[in-house]
């Protein structure tokens with residue numbers, strides 16, 4: 430793993446020490462999570478070389494519009510996954526940048542997915558309307574999405590954004606609010622990789 434600095438490690442340590450972590454299952458920790466112990470990442474990122482990546486992420490869930498979504502159906506495409514919730518200030522701040530990235534990269538076959546482990550349907554849909562979010566988000570109150578990314582996405586470091594390669598493996602992760610230039614570079618890197 431290549432890391433952009435000790436900031437990511439510090440954010441992970443802080444998130445690991447926050448209430449709701451430890452030996453709890455991801456579902457129990459997500460259910461217990463509140464803004465108490467909230468850790469905002471600092472935008473540091475990590476990348477994994479193709480030969481250092483773990484197995485493809487396996488995740489099936491239901492979007493806030495009630496549709497079933499299986500991440501395996503998107504294999505062959507680069508996928509950007511953003512963990513968010515409506516009351517998270519950096520999540521709100523980065524929403525316009527994510528919308529622009531979606532607009533710019535959809536023609537290149539990049540898919541985007543939100544995962545929200547905290548909000549009820551009404552709250553999440555209000556956020557999506559307010560920020561005109563053009564891509565689906567999973568209603569993750571059972572924490573399947575959190576569990577699928579366990580070890581990569583600290584429960585209380587939101588937002589966190591992950592780039593999956595065309596095989597569905599984690600290629601990069603940003604802790605905290607994205608810098609759109611960095612995210613675009615990470616997507617470009619994933620797009621240019623040979624399969």
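Residue numbers (the numbering used here): 430 to 624.
Idealized CB from N, CA, C, for every residue including glycine.
Computed from a predicted model, the values in this text were never measured in an experiment.
Which of helix, strand or coil does DSSP assign to residue i?
i, result
"residue 538", "coil"
"residue 478", "coil"
"residue 581", "coil"
"residue 614", "helix"
"residue 624", "coil"
"residue 604", "strand"
"residue 526", "helix"
Measuring straight from C-alpha to C-alpha, what distance separates residue i and residue j?
i, j, result
"residue 612", "residue 545", "20 Å"
"residue 548", "residue 575", "14 Å"
"residue 593", "residue 606", "18 Å"
"residue 397", "residue 523", "A question about residue 397 goes unanswered here, because the residues of the chain that appear run from 430 up to 624."
"residue 474", "residue 521", "19 Å"
"residue 483", "residue 559", "36 Å"
"residue 603", "residue 591", "6 Å"
"residue 476", "residue 580", "14 Å"
Say yes only if the C-beta of residue i is nearer than 6 Å to one or more non-hydrogen atoms of the ligand ADP, and no if none qualify.
i, result
"residue 608", "Questions concerning the ligand ADP fall outside what the structure shown contains, since it holds no ligand whatsoever."
Can you round the beta-carbon distance between residue i and residue j to whole angstroms, since I take them to be within the 8 Å contact cut?
i, j, result
"residue 542", "residue 564", "6 Å"
"residue 393", "residue 507", "Outside the modelled stretch of the chain, which goes from 430 to 624, sits residue 393, for which no answer is possible."
"residue 486", "residue 599", "7 Å"
"residue 616", "residue 539", "6 Å"
"residue 495", "residue 608", "That belief does not hold up - the Cβ atoms of residue 495 and residue 608 are roughly 33 Å apart, past 8 Å."
Could you check which residue in the options has the C-alpha nearest to that of residue i?
i, options, result
"residue 490", "623, 571, 498", "498"
"residue 621", "537, 524, 493, 474", "537"
"residue 624", "534, 597, 516", "597"
"residue 516", "602, 535, 588, 619", "588"
"residue 552", "580, 583, 493", "493"
"residue 573", "488, 478, 480, 601", "488"
Beta-carbon within less than 6 Å of residue i's beta-carbon, same chain only, minus the 5 sequence neighbours each way: which residues are those?
i, result
"residue 505", "595"
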